[in-house]
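Line by line, the protein sequences give chains X and U.
Sequential numbering from 9 applies to the first sequence in our numbering.
Sequential numbering from 810 applies to the second sequence in our numbering.
The structure appears below as structure tokens.
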Amino acid sequence: MTGFDLTAILMNPDFGRMLLHGLEMTLVIAAGSWLLAMTLAVLLLIIRLSPSRLADRAVAAYVSYHRNVPTLVQLMLWYFGISSILPEALQYWLSDHGAEAIFAVIALGLCQAAYFSEDLRSGIRSVPAGQSEAARALGHSFFGTMRYVLMPQAFRNALPALINHSVSLFKNSSLAMAIGVAELTHAVKEVENQSFRTFEVYLIATIAYLICSLLIMSAGAALSRQAVLKGER
Amino acid sequence: MLWDILSIIQDNWLLLLIGQYPNGPLGGFAATLILSVLSIALAFPLSVLLALARMSRSPFLLWPSTALVYIARGVPLLMLILWVYFMVPVLIGANIPGFVTMLVTLVIYEAAFLSEVVRAGIMALGRGQMDAARALGHSYLGAMWYIILPQALYNMMPSILSQFVSTIKETTLGYVINVPELTFAANQINNQLLTKPFQVFFILALVYYLVCWTLSHAATVLERRIARKRAGTTSGTLPVELQPQTLTVEP
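Here it is in structure tokens:
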């Protein structure tokens, strides 16, 4: 084995570029699925708050499926399974436009939407009923009550869980390598195969992952500090 | 479609259940289950020690344990699997099977996450318990062993059960390093059939769903029962920073 040498990886134009591309792909997938998940979570929450029992059941089933099936299996079901029963024209279009990454974003986004919507829902449920009754009695409309009274409190309560799940969404983006997306973990395997400097490559990738996760955590902590009411602490 | 699914199950149920055993290594659902049970069983005692280290004042205990927890929280499980896959043979000078690689990784990873559950459970008990035990003449460890841990661990049973569900889901990552477990078996079937990927992965998702749903449901029931039993014995709700956080990660 050759001695420890980080520069052999970092200074090598090929390896450096591969790892950077990988990191870029990881960030694109994480950001794309985060946006999809958050949008869908708010939609699911609104559906669930409606009085219809059927809608409530349907959302509960959605959440239950995505929480009880491993994310990797969901990815495989989308990429190998659902893609094969799509219309052929759509299959061609997808394979021309990077099907792996698209399905990774869809699968990770749909999965995390279930977690986010549950976080938001328990945030709303933790606001006492008296709050919305008081707001309505003061003359706020339903949406006004939502916007100015319920949501700010619910968001504050849901924040820690949302941040935790955002971090796990970021970490789960590494699963996309199993369906062939060229993200960071995938790039790590490639560089390892070509350079035989396993330790160095793993160390670089681990630190990159750790920095991104810690950034998300500390951004979340800053948000929570801002959301705390004055005088609450 | 339904007919396809039934016939795939009929032809391959043994492979899904125990893999290629006795002609090959034990695999399929049995391997998934054994891997998860062993991981949690080994991770649990480790997690209690980690939690105690995280709460100690000695920097020699505090710093490494905190670092370990943050690494487990911040680095993807897949990356940790690759590390163990590479490092263990270097350290012990012999190759280990994928099953053991996966077991070692899951024990470390789960211990880190469970230690946060244990820590939250201990802190949720309130200082009074410890103060009273120390005032009665218990040593710190004695108080932990006889007074704090029995109560905390009882209250944490639902969280441990949900961590077990997460572990079952995490074992799927063994597929990446060719551990013969359930996901691996499903991929084998898919590679044989080639034409029915949707049906095969649908079955796979269904099996995981049934198992994990049952266990999560059991955790909820247990949680309600414990909450009812504790009703009136705790003093109000906990401050936010002491509430058990959902740290379960869901690969």
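C-beta atoms are modelled at their ideal positions from N, C-alpha and C, and glycine is treated no differently.
Just so you know, these numbers come straight off a predicted model, no measurement behind them.
Check your understanding: At a Cβ cut of 7 Å, what residues of the region 200-234 of chain X count as close to chain U, listed as they run along the chain?
Key -> T206, Y210, A213, T214, Y217, L218, S221, L222
Point to revise | Contact set between Y1017(U) and chain X, taken where Cβ atoms lie within less than 9 Å | key: N76, V77, P78, V81
**Study point:** Minimum Cβ-Cβ distance from I90(X) to chain U less than 9 Å
**Key:** yes
Practice item. Within the same chain, show all residues whose beta-carbon is closer than 8 Å to that of A162(X), passing over the 5 residues directly before and after it, in chain order. Key: L128, G131, I132, S134, V135
Exercise for review: For I110(X), return the contacting residues in chain A, with the cut-off set at a CB-CB distance below 9 Å.
Suggested key: This model lacks chain A altogether, as its protein chains are X and U.
Check your understanding: Is the Cβ-Cβ distance between G117(X) and S174(X) less than 9 Å?
Key -> Taking 9 Å as the cut-off, the beta carbon of G117(X) is found no closer than this to the beta carbon of S174(X).
Point to revise | Boundaries (first-last residue) of the alpha helix (DSSP H) holding T914(U) | key: 907-933
Practice item. Determine the DSSP secondary structure at G147(X), reduced to helix, strand or coil. Key: coil
Check your understanding: What are the boundary residues of the alpha helix (DSSP H) that includes K179(X)?
Key -> 159-180 is the extent of the alpha helix (DSSP H) around K179(X).
Check your understanding: From this set, T1004(U), R928(U), R1039(U), which residue's C-alpha is nearest M810(U)'s C-alpha?
Key -> T1004(U)
Check your understanding: If you measure beta-carbon to beta-carbon, which residues of the region 161-173 of chain X are closer than 9 Å to chain U?
Key -> N165, P168, A169, N172, H173
**Study point:** Residues near G951(U) by beta carbon distance below 8 Å, same chain, minus five either side
**Key:** A942
Exercise for review: Could you please give the first and the last residue of the uninterrupted alpha helix (DSSP H) stretch that includes K197(X)?
Suggested key: 192-203
**Study point:** Cα-Cα separation, N821(U) to A852(U)
**Key:** 33 Å
Check your understanding: Three or more C-beta pairs closer than 8 Å, one from the region 864-881 of chain U and one from the region 168-186 of chain X: is that the case here?
Key -> no
Point to revise | L48(X) versus S58(X) - alpha carbon distance | key: 16 Å
Point to revise | Exposure label - P1048(U); buried when at least 16 CB within 10 Å | key: The pLDDT assigned to P1048(U) is 47, lower than 50, so where the model puts this residue is not dependable; a value taken from the coordinates is nonetheless given after this. The residue in question, P1048(U), is exposed, as its Cβ has fewer than 16 Cβ neighbours within 10 Å.
Practice item. Report the rounded CA-to-CA distance for G833(U) versus A944(U), giving the unit in angstroms. Key: 59 Å
Check your understanding: Are the C-beta of V175(X) and some C-beta of chain U separated by less than 9 Å?
Key -> yes
Check your understanding: Going along the chain, which residues of its own chain have a beta-carbon closer than 7 Å to the beta-carbon of S924(U), five neighbours each way excluded?
Key -> S856, L859, A860, R863, V878
Review point. Shorter than 9 Å from the beta carbon of S948(U) to some beta carbon of chain X?
Key: no
Check your understanding: In the DSSP assignment, what are the bridge partners of G1066(U)?
Key -> In the structure as shown, chain U begins at 810 and stops at 1060. Residue 1066(U) is therefore absent and cannot be evaluated.
Exercise for review: Give the single residue among L823(U), I890(U), I957(U) whose Cα lies nearest to the Cα of I905(U).
Suggested key: Closest by alpha carbon: I890(U).
Check your understanding: For Q904(U), which three-state DSSP category applies?
Key -> Per the sequence presented here, residue 904(U) reads as Asn, with Gln not at that position. Reduced to three states, the DSSP call for N904(U) is coil.
Review point. Around the Cβ of V846(U), are there at least 16 other Cβ atoms within 10 angstroms (buried) or fewer (exposed)?
Key: Exposed.
Review point. Quick one: does M185(X) have its CB under 9 Å from some CB of chain U?
Key: yes
Review point. Does the distance from the C-beta atom of T981(U) to that of P78(X) stay below 9 Å?
Key: yes
Practice item. Below 8 Å on the Cβ atoms is my guess for V884(U) versus L218(X); work out the distance and round it to an integer in Å. Key: 6 Å
Check your understanding: Mind checking E200(X): buried by the 16 CB within 10 Å criterion, or exposed?
Key -> buried
Review point. If you pair each beta-carbon of the region 969-989 of chain U with each one of the region 1022-1041 of chain U, do three or more pairs fall below 8 Å?
Key: yes
Review point. Using the rule of at least 16 other Cβ atoms within 10 Å of the residue's Cβ for burial, across every protein chain shown, is L223(X) buried or exposed?
Key: When all chains shown are included, L223(X) counts as exposed.
**Study point:** Proximal residues of chain X, C-beta to C-beta of F1010(U) below 8 Å
**Key:** Per Cβ cutoff of 8 Å: V81, M84, L85, F88, G89.
Practice item. Could you tell me the distance, in whole angstroms, from the CA atom of G828(U) to the CA atom of Y123(X)? Key: 32 Å
Review point. With 9 Å set as the bound, which would you pick, yes or no: does the beta-carbon of R1037(U) sit closer than that to a beta-carbon of chain X?
Key: The beta carbon of R1037(U) does not come within 9 Å of any beta carbon belonging to chain X, so the residue lies off that interface.
Practice item. Could you pull out every residue in the same chain whose Cβ sits closer than 7 Å to the Cβ of V236(X), ignoring the five residues on either side in sequence? Key: none
Exercise for review: Look up M19(X) in the DSSP assignment and say whether it is helix, strand or coil.
Suggested key: The three-state secondary structure of M19(X), taken from DSSP, is coil.
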